[in-house]
Amino acid sequence: MYLESIEQLIKIAKENGQTLGRMALILEAKDREVPEEQLLNIMRERLQVMQSAVTEGLQGNRSVGGLVGGQALKYQAWFNSGKSLASGVFGKAITYALAVSEANASMGLIVAAPTAGSAGVIPGVLLSIMEEYEIPEEKVIEGLYAAGAVGLVIAYKASLSGAQGGCQAECGSAAAMAAVAATELLGGSPEQAAHAGAIALKGMLGLVCDPVAGLVEVPCVKRNVSAAVQALAAVDLALAGITSAIPLDEVIGAMGEIGRELPLSLKETARGGLAATPTGKALAKKIFGRKEEKNGENN
Amino acid sequence: MDLLDIIGPVMIGPSSSHTAGAVRLGRVGRLVLGEEPKKAKIFLHGSFKETYRGHGTDRAIIAGLLGFDTSDPRIRESLKIAKERGLNYEFLPIDLPEAHPNTAYMELWGETSIARVTGSSIGGGAVLITDINGYPVRITAKYPTLIVPHNDQPGAVAKVTSVIAWHGINIAQMSVARQKKGAEALMVIETDQPIDEETCKEIKRLPGITGGFIIPPL
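In order, the protein sequences belong to chains A and B. Take the first sequence: its position 214, counting from 1, is numbered 214 in full-length UniProt numbering, and each next residue is one higher. Take the second sequence: its position 123, counting from 1, is numbered 123 in full-length UniProt numbering, and each next residue is one higher.
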């Protein structure tokens with residue numbers, strides 16, 4: 001489906017008395033000329049992959065580059081000990097965001113949402129709320145359509161790629177998408193959901209993409225946690241009735257503009273930021289200094 | 001962009017361009033070869049060359065050559081599976097002037113044939129195949145794609161397109177590439193409807209047509 005702005009989606013949803021998520025699902029089904037049931041099933045499968053990615057990430061596997069692994073497991077133990085600073089939804093969201101990101105880094109099966117590098121944010125936020133508030137599966141699936149609709153607008157107005165817009169385009173977009181969906185799951189209005197998305201994205205503006213050794217490991221895994229927590233805080237503010245002075249569509253526009261102005265060294269090239277620190281460079285050297293792998297007769 | 005591409009695809013991590021896109025490049029290589037690959041020389045350019053091990057790009061390309069799709073958990077074990085299936089592979093560096101940073105050039109050997117394929121992973125898991133057996137092409141593998149090697153002579157294109165039309169298949173994009181006048185040339189036909197094996201066989205029987213295979217949307 002083509003979606004020009006969040007404002008447009010809010011308007012259609014309100015005219016039809018629907019949530020943003022349900023409305024996005026209806027519009028998508030109409031556009032594809034398929035029954036809504038079929039789209040619900042496709043997204044149900046993706047929700048299940050998000051859940052299985054959490055389980056996989058909690059196995060503690062090392063990443064391909066060897067820089068991450070086992071952090072979700074470690075945090076889960078801390079959270080379960082009752083000593084954790086973050087209780088309830090926040091603690092679970094941190095655990096799940098870490099788990100899915102670590103599953104991704106260790107070649108696990110994930111849903112790119114919107115990208116593989118930011119795959120932990122939406123499961124972190126939505127699965128923790130789903131469990132803690134006992135939200136029915138179908139509502140969460142609709143939430144994923146709300147998140148998808150926000151992603152569509154971002155794709156048109158800005159970018160979802162770290163190489164084009166920095167990490168704000170990946171983890172920042174994921175935070176905005178998650179915040180909009182989560183606000184609706186907790187009973188917020190379409191306007192409140194959009195405010196939550198705007199607040200979440202504003203908090204991520206300017207975030208650069210500076211992966212050590214060019215890998216989706218450091219700082220990506222922990223940035224998924226930052227984005228998930230940012231999204232939850234934004235949801236809570238919006239539900240309290242706090243609004244964003246700048247509407248979501250304009251925040252998205254600003255994100256695109258900032259992304260264009262960011263230097264290339266800070267857009268996934270591994271030439272600036274954390275990648276260019278002494279430790280970042282040493283880690284890269286260690287990883288790529290390893291022996292070539294070959295097999296068979298051509299050795 | 002499609003909503004289901006935004007909350008999706010379901011894929012093996014860690015990177016849509018270095019993993020999912022790389023699997024697709026390998027799959028196209030396998031389809032062009034048309035049989036089980038026994039030997040593969042894979043030349044990596046740019047970012048692929050620099051970071052292939054950390055991203056699992058090597059495992060991803062080999063997985064594609066073995067016919068696995070982007071969500072197949074066997075991607076992780078593909079180097080071992082290649083050994084079991086008797087696929088000998090080698091990764092080599094290359095500098096391709098003006099190529100996309102994530103580009104691979106593959107030389108593939110099967111029991112009876114040889115294939116050469118160059119392609120780039122252009123972002124979000126999407127690919128662009130730029131060369132097949134020395135012919136410059138532009139294939140995205142988003143549409144059903146029919147590749148037809150033929151003799152460069154009048155009427156060849158018309159015969160092929162009339163068979164396609166007769167089967168009720170609409171052509172979305174089409175191009176013809178040749179190395180020199182009157183020699184062998186390559187038709188690349190992207191269609192809106194899927195092309196079945198029977199239609200492809202029918203085309204291969206036409207005079208002046210020297211081969212034909214299908215790359216389905218990957």
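All C-beta atoms in this analysis are idealised placements derived from N, C-alpha and C, irrespective of residue type, glycine included. Nothing here was measured: the structure is a model prediction, and the numbers come from that model.
Pull the bridge partners of residue i from the DSSP assignment, please.
i: Met-106 (chain B); result: B:Ile-42 and B:Val-117
i: Ser-175 (chain B); result: B:Val-188
i: Val-111 (chain A); result: B:Val-10
i: Ile-215 (chain B); result: B:Thr-145
i: Cys-209 (chain A); result: A:Lys-267
i: Gly-123 (chain B); result: B:Ala-126
i: Gly-156 (chain A); result: The question names Gly, but residue 156 (chain A) in the sequence shown is Tyr. DSSP lists no partner for Tyr-156 (chain A).
i: Ile-209 (chain B); result: B:His-150
i: Glu-90 (chain B); result: B:Lys-41
i: Tyr-145 (chain A); result: Bridge partners of Tyr-145 (chain A): none, in fact.
i: residue 219 (chain B); result: Not covered by the structure: residue 219 (chain B). The range shown for chain B is 1 to 218.
Looking at the C-beta of residue i, does it have a partner C-beta in chain B at a distance below 9 Å?
i: Glu-297 (chain A); result: Here Glu-297 (chain A) scores only 36 on pLDDT, less than 50, and its place in the model is too uncertain to base an answer on.
i: Tyr-156 (chain A); result: yes
i: Ala-72 (chain A); result: no
i: Met-23 (chain A); result: no
i: Ser-106 (chain A); result: yes
i: Leu-109 (chain A); result: yes
i: Glu-217 (chain A); result: yes
i: Gly-165 (chain A); result: no
i: Ile-12 (chain A); result: no
i: Glu-45 (chain A); result: yes
i: Thr-19 (chain A); result: no
i: Tyr-145 (chain A); result: yes
i: Gly-148 (chain A); result: yes
i: Glu-28 (chain A); result: yes
i: Leu-152 (chain A); result: yes
i: Glu-7 (chain A); result: no
i: Leu-160 (chain A); result: yes
i: Gly-60 (chain A); result: no
i: Ala-119 (chain A); result: yes
i: Ala-213 (chain A); result: yes
The alpha helix (DSSP H) spanning residue i covers which residue range?
i: Ala-105 (chain A); result: 88-105
i: residue 225 (chain B); result: Because chain B in this structure spans residues 1 to 218, residue 225 (chain B) falls outside the shown range and cannot be described.
i: Val-54 (chain A); result: 36-57
i: Tyr-143 (chain B); result: Premise fails: Tyr-143 (chain B) is in no alpha helix (DSSP H) and is neither H nor E.
i: Lys-83 (chain A); result: Element bounds for Lys-83 (chain A): n/a, residue is neither H nor E.
i: Thr-57 (chain B); result: 57-65
i: Ala-158 (chain B); result: 156-166
i: Asn-170 (chain B); result: No alpha helix (DSSP H) holds Asn-170 (chain B); DSSP gives it neither H nor E.
i: Glu-197 (chain B); result: 197-204
i: Asn-224 (chain A); result: 220-239
i: Lys-285 (chain A); result: 278-288
i: Pro-123 (chain A); result: 121-132
i: residue 353 (chain A); result: Residue 353 (chain A) is absent from the model: chain A starts at 1 and stops at 299.
i: Arg-260 (chain A); result: 248-261
i: Asp-31 (chain A); result: 20-32
i: Arg-24 (chain B); result: 21-33
Looking at the secondary structure, which residues open and close the beta strand (DSSP E) in which residue i lies?
i: Ser-78 (chain B); result: Per DSSP, Ser-78 (chain B) belongs to no beta strand (DSSP E); it is in the alpha helix (DSSP H), 78-84.
i: Asp-131 (chain B); result: 126-132
i: Val-10 (chain B); result: 10-12
Measuring only between beta-carbons, confirm whether residue i sits less than 9 Å from chain A.
i: Ala-20 (chain B); result: yes
i: Arg-59 (chain B); result: yes
i: His-55 (chain B); result: yes
i: Asn-76 (chain B); result: Checking the sequence shown, residue 76 (chain B) turns out to be Arg, not Asn. Interface residue, yes.
i: Thr-103 (chain B); result: no
i: Gly-13 (chain B); result: yes
i: Pro-154 (chain B); result: no
i: Ala-141 (chain B); result: no
i: Gly-123 (chain B); result: yes
i: Ile-6 (chain B); result: yes
i: Leu-3 (chain B); result: yes
Is the number of C-beta pairs between the stretch 186-205 of chain A and the stretch 260-268 of chain A that are closer than 8 Å three or more?
no
Whole beta strand (DSSP E) elements within the stretch 160-211 of chain A, 3-residue minimum
none
Mind the definition here: the stretch 221-235 of chain A touches the stretch 111-123 of chain A only if three or more C-beta pairs lie below 8 Å; say whether that holds.
yes
Measuring CB atoms only, is the stretch 270-282 of chain A touching the stretch 77-92 of chain A, in the sense that at least three cross pairs come out at less than 8 Å?
no
Assess contact between the stretch 45-64 of chain B and the stretch 282-289 of chain A, defined as three or more Cβ pairs (one per stretch) separated by less than 8 Å. Is contact present?
yes
Pairing CB atoms from the stretch 107-116 of chain A with CB atoms from the stretch 56-74 of chain A, are three or more of them under 8 Å?
Because the criterion of three Cβ pairs below 8 Å is met, the stretch 107-116 of chain A and the stretch 56-74 of chain A touch.
Using 8 Å as the Cβ pair cut-off and three pairs as the minimum, do the stretch 151-158 of chain B and the stretch 28-47 of chain B touch?
no
Quick one: any contact between the stretch 10-28 of chain B and the stretch 179-187 of chain A, if contact means 3 or more CB pairs under 8 Å?
no
The stretch 54-63 of chain B in contact with the stretch 197-216 of chain A per 3-pair CB rule at 8 Å:
yes
Counting beta carbon pairs with one atom in the stretch 19-32 of chain A and one in the stretch 98-105 of chain A, are three or more of them shorter than 8 Å?
no
Is the stretch 65-74 of chain B touching the stretch 17-28 of chain B in the sense that three or more CB pairs, one from each, lie closer than 8 Å?
Taking a cut-off of 8 Å for Cβ pairs, the stretch 17-28 of chain B and the stretch 65-74 of chain B touch, as three or more such pairs fall below it.
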